[in-house]
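Read the structure below first, then the notes.
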Amino acid sequence: MTDNKSRKKFLVLGVALAVLVLLWVLVTPPAARADFFTDFWNSLKKPFSSEEVPGAGEVKTPSEVSKKDVPLYKPALDYEQAVVGAVKKASPAVVSITISKLVPILENCRLNPFGDLPPEFRQFFGGDDFFEFSQPCDNGRKELKEVGGGSGFVVSQNGLILTNKHVVSDKTASYTVIMNDGKKYDAKVLARDPSQDLAIVKVEATGLPVVDLGDSDTIQLGQSAIAIGNALGEFGNTVSVGVISGLGRNVTASGGDLVESISGVIQTDAAINPGNSGGPLLNLKGQVIGINTAIVSGAQNIGFAIPINRAKRDINSVKASGEIRVPYIGVRYIVVTPDVAKKQKLPVDYGVLVRGSDAGPAVQPDSPAAKTGILAEDIILAVNNKKIDAENSLSDLISKFNVGEVVTLKINRGGKEISLTVTLGNRPQS
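Shown next, in the form of structure tokens:
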């Protein structure tokens, strides 16, 4: 009796289980059932596996590899964020400078070169309309027209802006500064540096955003460089990125009627063009390390910038006196090298040889050099015992002092060394 009851219980449980399985099969999608049996089978095999290696034997096609399988390269992401951050930091203080001039308005004028012909002859051909034609002519009327542009950046909240001298070299032109937010201001050229391609203009405004000036003496070859400016005078503030590819280069900058040789500039492959000339060259901290100034005509990826440390003196000078004061002694010279010394039969192979040229005499009249007795064919060897050589040019050594300071020059005159003291003067504007 007990065995019958037990069999009935098992029979009922078996039927119930079969019904449940049938219902599960009917309502469960085939893919889910397949996954269930696969997982079940794998769980049965797992205890008998001798070794478990995650992903072993698993092969993924390129389409099966998800983004999570290939994480972003963190240094590249950090670099991108640094560039974006540097641009955001400096951009509010980068400005466009437009150049405007009064130009003649050309009008169409009627001209009849046969006006002296007899009226009957002119009438035979249908009157004066047959002989007259139009050509452009200048009737004396003029209009203010934009003729060029460049870039600059704000260095003081009360409106001082640093740019290239060749951008604002035309003394008959008028200049307009366009801020990053689109506001326009009439600009006045306060000072043009007589010794390098720098100038400072002023707008009547307060509370302007300013750039952070870096230290160009710490620049290293290969470090990143970011050039910002008003590219080609048309596109507003644009950005290009590159590296520092050279230091201490010599280059000729030009703009308008001005052509000027500049020494000791930074070379970069960040794109520099006539429009962003005068804009800042940044490091990844968003600090200004140079002023974009020139490109090599016809060359690819070669641009130059003036080190910012050479502009700091100009900025401080204008803030203090309203003008750029540049120390000078007033000589023209040839840099002495071993080759020059051999050709000229000089007693030394370094320094500078005081000698005139087509541009003017060796010693400028009424200059500090003239007053202290420096003569043509003197060889200046050192300034305050600092040797003049390829690493330390005469102009660089003099630039470290202020107008009015006294320096000692070591000079070779006719094979004998003498010392002269010179009171540095203020270099005249060119």
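Just so we're aligned: 606 in this note's numbering is position 204 of the sequence shown, and the numbers increase by one with no gaps anywhere.
C-beta: ideal position from N, C-alpha, C; glycine also.
Exercise for review: Could you tell me which of 601, 548, 756 sits nearest to residue 501, measuring between CA atoms?
Suggested key: Looking at the Cα atoms, 548 is the closest of the given residues.
Point to revise | Cα-Cα separation between residue 379 and residue 608, rounded to whole angstroms | key: Residue 379 falls outside the range modelled here, since the chain spans only 403 to 832, and no answer is possible.
Review point. Taking the alpha helix (DSSP H) that residue 837 falls in, what are its first and last residues?
Key: Lying before the first or after the last residue shown, residue 837 is absent from the chain, which here runs from 403 to 832.
Review point. Is DSSP giving residue 578 helix, strand or coil here?
Key: Secondary structure at residue 578: strand, using DSSP grouped into helix, strand and coil.
Point to revise | CA-to-CA distance, residue 693 to residue 494, given in whole angstroms | key: Distance between the alpha carbons of residue 494 and residue 693: 16 Å.
Check your understanding: Distance, Cα to Cα, residue 669 vs residue 706?
Key -> 5 Å
Check your understanding: Based on Cα-Cα distance, which residue from 763, 748, 714 lies nearest to residue 732?
Key -> 763
Point to revise | Spatial neighbours of residue 690 in its chain, beta-carbon cut-off 8 Å, leaving aside the 5 residues before and after | key: Sequence-distant partners of residue 690 (beyond 5 residues in either direction) whose C-beta falls short of 8 Å from its own C-beta, in its chain, are 492, 555, 613, 614, 615, 616, 682, 683, 684, 710.
Exercise for review: Sort out for me which residues DSSP pairs residue 824 with in a bridge.
Suggested key: 809
Practice item. May I have the straight-line CA-CA distance separating residue 562 from residue 761, to the nearest angstrom? Key: 33 Å
Review point. So is the beta-carbon of residue 720 under 7 Å away from any non-hydrogen atom of the ligand FAD?
Key: With respect to the ligand FAD, the structure offers nothing, as it holds no ligand at all.
Exercise for review: Would you check if there are 3 or more beta carbon pairs closer than 8 Å linking the region 787–796 to the region 745–759?
Suggested key: Yes, the region 787–796 touches the region 745–759.
Review point. Residue range of the alpha helix (DSSP H) that residue 771 falls in?
Key: Where residue 771 is concerned, the enclosing alpha helix (DSSP H) stretches over 770–774.
Review point. What's the gap between the Cα of residue 647 and the Cα of residue 488?
Key: 20 Å
Review point. Alpha carbon to alpha carbon, how far is residue 575 from residue 820?
Key: Here the alpha carbons of residue 820 and residue 575 stand approximately 49 Å from one another.
Practice item. Name the two residues that bound the continuous alpha helix (DSSP H) containing residue 558. Key: Where residue 558 is concerned, there is no enclosing alpha helix (DSSP H), given that its DSSP letter is neither H nor E.
Point to revise | residue 758 versus 771, 779, 747, residue with shortest Cα-Cα distance | key: Taking only the C-alpha atoms, the option nearest residue 758 is 779.
Review point. Can you give the beta carbon distance from residue 632 to residue 677, rounded, assuming they're within the 8 Å contact cut?
Key: That pair is a contact at about 5 Å.
Exercise for review: Please list, in chain order, all residues of the same chain as residue 803 whose beta carbon is under 7 Å from its beta carbon, the five residues on each side excluded.
Suggested key: 729, 809, 826
Review point. Where residue 720 and residue 565 are concerned, what is the direct C-alpha to C-alpha distance, given to the nearest angstrom?
Key: 14 Å
Review point. Does DSSP classify residue 481 as helix, strand or coil?
Key: helix
Point to revise | Rounded separation between residue 545 and residue 538 - CA only | key: 16 Å
Review point. When the Cα of residue 770 is compared with those of 799, 737, 829, 724, which residue comes out closest?
Key: 829
Check your understanding: Hey, out of 776, 794, 777, 775, whose CA is closest to residue 784's CA?
Key -> Comparing Cα positions, the closest option is 794.
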